[in-house]
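So the structure is just underneath, and the comments pick up after that.
Number of protein chains: 2
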Amino acid sequence: MSKKIIIVGGVAGGATAAARLRRIDETSTIVLFERGEHISFANCGLPYYIGETIKDRNKLLVQTVEGMSRRFNLDIRNLTEVVEINREKKTITTAKNLQTNEVYEESYDTLILSPGAKPIVPNIEGLGDAKNVFTLRNIPDTDKIKTFVDEQHPKRAVVIGGGFIGLEMAENLVDRGIEVTVVELGKQVMAPIDYEMASIVHSHLRDKGVNLILEDGVKAFKNNGSTIELASGTNICADMAILSIGVSPENKLAVMAGLDVGQRGGIQVNEYLQTNDPDIYALGDAIEVKDYINGNAAMIPLAGPANRQGRIVANNVYGKKEMYKGTLGTAIAKVFNLAVAATGLNEKQLKQLGKTYQAVHIHPSSHAGYYPGAAPIALKLLFNPETGAIYGAQAVGEDGADKRIDVISTAIKGNLTVYDLTEIELSYAPPFSSAKDPVNMAGYVATNIMEGSVDTVQWDEIDDIVENGGILIDVREPIEREMGFITGSINIPLGEIRDRLHEIPKDQTIYVSCQVGLRGYLASRILSENGYDVKNLDGGWKTYSAVYN
Amino acid sequence: MSKKIIIVGGVAGGATAAARLRRIDETSTIVLFERGEHISFANCGLPYYIGETIKDRNKLLVQTVEGMSRRFNLDIRNLTEVVEINREKKTITTAKNLQTNEVYEESYDTLILSPGAKPIVPNIEGLGDAKNVFTLRNIPDTDKIKTFVDEQHPKRAVVIGGGFIGLEMAENLVDRGIEVTVVELGKQVMAPIDYEMASIVHSHLRDKGVNLILEDGVKAFKNNGSTIELASGTNICADMAILSIGVSPENKLAVMAGLDVGQRGGIQVNEYLQTNDPDIYALGDAIEVKDYINGNAAMIPLAGPANRQGRIVANNVYGKKEMYKGTLGTAIAKVFNLAVAATGLNEKQLKQLGKTYQAVHIHPSSHAGYYPGAAPIALKLLFNPETGAIYGAQAVGEDGADKRIDVISTAIKGNLTVYDLTEIELSYAPPFSSAKDPVNMAGYVATNIMEGSVDTVQWDEIDDIVENGGILIDVREPIEREMGFITGSINIPLGEIRDRLHEIPKDQTIYVSCQVGLRGYLASRILSENGYDVKNLDGGWKTYSAVYN
Ligand SMILES: Cc1cc2nc3c(=O)[nH]c(=O)nc-3n(C[C@H](O)[C@H](O)[C@H](O)COP(=O)(O)OP(=O)(O)OC[C@H]3O[C@@H](n4cnc5c(N)ncnc54)[C@H](O)[C@@H]3O)c2cc1C
Ligand SMILES: Cc1cc2nc3c(=O)[nH]c(=O)nc-3n(C[C@H](O)[C@H](O)[C@H](O)COP(=O)(O)OP(=O)(O)OC[C@H]3O[C@@H](n4cnc5c(N)ncnc54)[C@H](O)[C@@H]3O)c2cc1C
Ligand SMILES: CC(C)(COP(=O)(O)OP(=O)(O)OC[C@H]1O[C@@H](n2cnc3c(N)ncnc32)[C@H](O)[C@@H]1OP(=O)(O)O)[C@@H](O)C(=O)NCCC(=O)NCCS
Ligand SMILES: CC(C)(COP(=O)(O)OP(=O)(O)OC[C@H]1O[C@@H](n2cnc3c(N)ncnc32)[C@H](O)[C@@H]1OP(=O)(O)O)[C@@H](O)C(=O)NCCC(=O)NCCS
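If you read the protein sequences in the order shown, they are chains A and B.
Residues in the first sequence are numbered from 34 upward in steps of one, following my numbering.
Residues in the second sequence are numbered from 34 upward in steps of one, following my numbering.
Shown next, in the form of structure tokens:
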């Protein structure tokens with residue numbers, strides 16, 4: 034089945050496809066074109082090399098051109114850009130090679146596009162003149178930023194955009210002793226999670242000395258970039274800036290060749306990852322995928338899916354007909370001491386889609402509280418309250434957030450419901466978890482809502498309720514209220530509630546709250562058993578105060 | 034629906050049942066009998082208090098009698114043993130209360146048994162006279178051991194039994210500066226995992242200074258326990274000994290009352306956790322459960338299942354008819370720096386059951402190798418090679434073993450196959466995982482076997498093969514062989530194999546091996562594409578040498 038296969042792009046998706054192609058078949062000719070010098074490098078490690086957590090630059094080079102060529106018998110042409118696809122002739126054309134001055138056509142039987150996505154660089158006033166504004170995608174970008182930091186010793190940096198690359202850069206620049214300002218246009222960082230979850234990250238960034246500016250954007254770079262003017266009028270001094278407001282698919286080749294692209298520019302592919310030209314496959318950051326849960330078109334530029342797709346494309350080139358079933362968008366980032374992780378749909382998306390959903394927030398420990406080192410995890414679960422189907426989850430914490438999101442992501446792939454979450458058997462010993470793991474606990478809390486044993490209100494509803502005369506009973510101990518409480522709440526500690534029922538009117542809904550939701554739940558059970566109509570503040574003071582404190 | 038419910042046993046299962054019963058119904062009378070002084074204590078934390086990792090004894094007391102009584106309006110009678118169940122009268126009889134001298138009957142509508150399991154104390158010569166032999170189940174046991182260590186400053190301890198409680202005690206005694214010998218009758222510690230996986234634990238224990246004696250048992254305690262004689266004739270000096278050879282269900286009450294018990298003494302229950310007397314439920318360590326995968330009767334004394342069953346029993350007492358679907362046996366223990374985790378069936382069990390299965394061993398990193406702190410995980414996956422159904426998995430490593438086992442455990446609950454493991458989307462950023470997570474990788478390796486793209490041999494087959502004239506090619510670099518290699522193997526580094534095919538005979542099966550199995554797989558792909566019949570050593574030198582080095 035000897036074929037000639039050309040791959041455009043030699044990193045996550047392209048290199049993986051090449052390796053798998055060769056493993057399937059020894060006889061094919063596989064030509065890998067890469068515009069840059071390096072193939073198969075660790076994109077995801079770049080910020081950590083700048084921050085000097087990764088000390089050895091060679092560690093970023095997972096495979097070298099020579100090593101990979103030899104191991105997989107590939108014809109790798111780095112420093113060679115593909116500038117045109119000639120579909121009728123089934124050839125590609127290269128740009129002029131800067132070293133050899135050569136331009137040539139190369140024919141293919143099958144073409145694989147894994148060109149990735151490039152940082153978005155908007156048309157901002159003064160950007161052209163600014164010498165200290167960087168984007169980060171590859172090794173040369175990294176070298177530029179690191180050299181600048183090493184040699185110019187910048188004191189103040191501005192990171193524009195609060196996505197995961199922006200926040201990783203913020204952390205790594207702080208690690209280099211630089212004062213960092215993060216400017217984010219939206220009202221929160223880390224779009225995959227919801228606002229109240231991101232609020233935990235906001236506090237943490239500020240605790241770490243980051244100057245976080247939300248709901249403001251860059252209007253102009255002034256004085257060659259040393260002053261950044263925001264839309265609000267604020268001016269920030271900046272010795273350097275990182276532009277990390279997102280990426281856009283590298284679709285130029287595809288568009289020129291008449292391949293279909295979606296609304297946001299992603300190359301469109303069928304379930305076998307074929308473009309509208311059956312001899313051309315596309316994958317990775319450059320393509321539009323199907324959201325695993327709702328089937329809508331989505332752009333999800335992540336390394337796991339790119340690697341996975343690379344393998345599927347290779348299989349399909351050799352006739353395997355393996356389907357790519359969509360992307361769930363499971364993602365994680367380290368933000369200083371916190372892990373911020375998510376899978377599936379978030380509440381913003383569910384609202385937009387007009388879905389009926391229910392959220393629960395819990396604050397369990399990463400492992401048994403009596404064993405040293407346990408850290409709280411803020412865990413949010415979103416589900417369909419009619420069927421129990423899991424829509425998504427988010428976790429923020431210093432330890433164990435990754436594990437819980439991975440378990441829930443696996444549960445979604447297994448079509449498990451929130452009922453099943455109560456039954457999954459997770460490994461427990463005190464250093465690792467609790468006898469009721471946080472995921473089981475989220476399942477309990479969710480099923481209680483489904484079964485009507487508790488009714489909840491959310492952090493963003495309670496203030497209005499209290500302002501409009503709703504009765505909110507804080508069932509914590511008085512001493513806990515000294516650290517803060519919801520304005521207008523009255524205090525009846527859980528332990529006294531059975532004896533003080535006479536103080537609580539029966540003619541209106543009673544709202545209860547506590548620290549994390551558990552005691553509020555216990556109180557609401559006591560009250561409903563006593564004939565009250567009662568609602569518990571989901572996630573308690575901890576979720577509420579993450580936003581309002 | 035007011036009822037009178039009696040619970041026997043006030044810790045994991047019993048206390049959880051009590052709490053849930055009250056949450057469902059405020060009006061029932063709930064009487065909780067506990068033989069000991071403490072209810073609701075952290076059994077699983079006990080070794081760590083002895084070792085002083087947990088410093089505050091109060092932390093072991095998750096709930097006090099007073100606090101729990103008040104919170105859940107319970108009638109808790111600690112220091113009160115139930116000695117008889119009078120099924121016709123629907124009463125229980127208590128033993129004489131040591132403080133009040135009282136003996137009484139108490140009636141029930143529903144009786145819940147969660148009496149747990151007690152350490153097995155075999156009839157060993159001299160045990161009666163030995164003053165320094167301890168078992169560990171509860172707070173008084175813990176106090177005794179800790180006081181002995183604090184006051185007698187033992188220098189040498191012998192732990193009898195290499196199960197998880199034994200190894201936790203070994204570690205905690207080492208932490209107290211004691212020289213520890215572990216004596217285990219079987220050929221491996223940690224029965225839930227297989228021998229080659231346990232071999233990693235064996236080395237680690239020895240590295241940590243533990244004197245590990247396998248395949249030997251205690252024959253006699255001599256000189257009041259200060260000398261322990263083994264079956265082999267060896268005598269060991271011991272200032273103290275921990276007897277931790279397993280637990281047996283506390284079934285005395287049940288047996289006396291004519292409740293059915295299984296072969297190994299576990300109280301038999303139906304899927305609603307009812308005994309053969311429908312007014313009596315039983316749960317926790319005392320019951321026989323159904324193995325989740327094969328449906329056979331099993332004894333799985335773990336806290337997660339006990340907690341879960343406690344909640345189900347409470348639900349069913351109030352008519353919910355919730356089914357307990359069996360126990361997968363997901364378990365974990367910290368053994369010094371290692372986590373040792375497992376879920377589902379192991380190879381020993383699969384052999385016993387006569388199942389067709391396939392094993393794969395991989396050795397991925399806990400997270401991206403280029404990010405500091407990555408540690409190898411030895412991951413073993415067992416599956417049905419015809420259907421791809423997952424039977425079980427085992428993981429041993431310093432970091433991230435718990436996460437991978439939890440993901441696979443969830444996958445089993447979701448009926449996912451090894452094909453699905455390649456597709457699950459796990460959270461990836463360099464500090465947490467790799468773009469192909471170890472679980473995905475195990476899925477790749479397994480599906481390659483299913484699809485016939487590679488054939489493997491196991492660590493315990495290769496020596497025989499080589500002895501009988503099989504050709505084994507070690508495809509590592511010569512320098513790697515300096516650390517050890519399989520006797521009789523010849524060396525052709527992977528990078529040279531395409532050029533040296535002429536050296537490799539085609540008339541017999543060729544075996545290949547490398548460090549972890551990956552390069553061997555690459556070599557076997559090259560060879561099979563070139564017409565060879567080839568088998569790769571699964572898990573490579575790393576799995577092999579864990580046993581033989
Ligand atoms: C700083 C940073 C951190 C990241 N961290 C994470 C993380 O923690 N987790 C995660 O999941 N993802 C992370 N990502 C995203 C991840 O790296 C990408 O999702 C993944 O690399 C996409 O793979 P790809 O093959 O589609 O594109 P890429 O890996 O970007 O490879 C595309 C290659 O194609 C080349 N190319 C493009 N056009 C041409 C052409 N015409 N001719 C020749 N060559 C061409 C490009 O030069 C490029 O090298 C990070 C990305 C960056 C930049
Ligand atoms: C040292 C140690 C470490 C452990 N570590 C782990 C771990 O890391 N992970 C894990 O999953 N599991 C662990 N376990 C096991 C876990 O503790 C048990 O599985 C769990 O406690 C079982 O719950 P249960 O309710 O069945 O029994 P228990 O929690 O043992 O409670 C039973 C109670 O019933 C009382 N009782 C018995 N008979 C009577 C009677 N006739 N009248 C009155 N009271 C009675 C007993 O005094 C006892 O307190 C560990 C156990 C021990 C001892
Ligand atoms: C380095 C690179 C080329 C490797 O691609 P690859 O060979 O497909 O991937 P790996 O080295 O992880 O090996 C995976 C293969 O080895 C096999 N394998 C892994 N461990 C094995 C073991 N112990 N025994 C047998 N086979 C094993 C897998 O089955 C898989 O083969 P398959 O796809 O044919 O099933 C590619 O991953 C890459 O370029 N990575 C860097 C870029 C990147 O991903 N960036 C984003 C993240 S920073
Ligand atoms: C302490 C003990 C009595 C608590 O039992 P419990 O009340 O069932 O358990 P928890 O305190 O974990 O609370 C769980 C309940 O709170 C609810 N809950 C937890 N977090 C919540 C939150 N944030 N919001 C609302 N509800 C919450 C859960 O839904 C569950 O209620 P449900 O069973 O009615 O659904 C029992 O676990 C125990 O005795 N433990 C120690 C003994 C032991 O387990 N040993 C072995 C391990 S060391």
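Backbone N, C-alpha and C fix where the C-beta goes; we use that ideal spot for every residue, glycine too.
Can you give me the C-alpha to C-alpha distance between residue i and residue j, rounded to a whole angstrom?
| i | j | result |
| --- | --- | --- |
| T126 of chain A | Y141 of chain A | 11 angstroms |
| E321 of chain A | N76 of chain A | 20 angstroms |
| Y401 of chain B | I87 of chain B | Per the sequence shown, the amino acid found at residue 401 of chain B is Ala instead of Tyr. Cα to Cα, the separation comes out at about 32 angstroms. |
| G46 of chain B | L206 of chain A | 50 angstroms |
| E216 of chain A | I198 of chain A | The amino acid occupying residue 216 of chain A in the given sequence is Val; Glu does not appear at that position. So the two alpha carbons sit approximately 13 angstroms from each other. |
| G317 of chain A | G476 of chain B | 21 angstroms |
| P282 of chain A | L415 of chain B | 40 angstroms |
| L144 of chain A | T542 of chain B | 36 angstroms |
| H71 of chain B | K358 of chain B | 31 angstroms |
| D176 of chain A | M483 of chain B | 44 angstroms |
| D162 of chain B | I457 of chain B | 57 angstroms |
| Y390 of chain A | D571 of chain A | 14 angstroms |
| I157 of chain A | D249 of chain A | 14 angstroms |
| Q342 of chain A | A366 of chain B | 36 angstroms |
When the cut-off is 9 angstroms and only beta carbons count, does residue i lie next to chain B?
| i | result |
| --- | --- |
| N597 of chain A | Residue 597 of chain A cannot be examined here, being either before or after the span of chain A that is shown, 34 to 582. |
| V192 of chain A | no |
| L412 of chain A | no |
| N417 of chain A | no |
With a threshold of 9 angstroms between beta carbons, is residue i in contact with chain A?
| i | result |
| --- | --- |
| N644 of chain B | What the structure shows of chain B is the stretch from 34 to 582, and residue 644 of chain B is not part of that stretch, so it cannot be assessed. |
| P338 of chain B | yes |
| I559 of chain B | yes |
| S546 of chain B | no |
| V302 of chain B | no |
| F254 of chain B | no |
| S73 of chain B | no |
| F518 of chain B | no |
Between which two residues does the alpha helix (DSSP H) harbouring residue i extend?
| i | result |
| --- | --- |
| G100 of chain B | V98 to F105 |
| I345 of chain B | A336 to V350 |
Looking at the strands, I want to know which residues DSSP matches up with residue i.
| i | result |
| --- | --- |
| K123 of chain A | Its beta-bridge partners do not exist; DSSP assigns none. |
| E135 of chain B | E135 of chain B pairs with nothing; no bridge assigned. |
| T267 of chain B | Answer is none; T267 of chain B lacks a bridge partner. |
| V41 of chain B | B:F66 and B:L146 |
| V182 of chain B | Per DSSP, none; premise fails for V182 of chain B. |
| R189 of chain A | A:E212 |
Which residues bound the beta strand (DSSP E) around residue i?
| i | result |
| --- | --- |
| A274 of chain B | M273 to L276 |
| G425 of chain B | I423 to G430 |
| H394 of chain B | Q391 to I395 |
Tell me, to the nearest whole angstrom, how far the beta carbon of residue i is from that of residue j; I am working on the premise that it is less than 8 angstroms.
| i | j | result |
| --- | --- | --- |
| V116 of chain A | F66 of chain A | The pair is not a contact, with the Cβ atoms about 10 angstroms apart (cut-off 8 angstroms). |
| I278 of chain B | G194 of chain B | 4 angstroms |
| G299 of chain A | A274 of chain A | Not a contact, Cβ separation roughly 28 angstroms. |
| Y314 of chain B | L93 of chain B | Not confirmed; about 27 angstroms, so no contact. |
Chain D beta carbons: is any one of them nearer than 9 angstroms to that of residue i?
| i | result |
| --- | --- |
| I57 of chain B | The structure shown has no chain D; the protein chains it does contain are A and B. |
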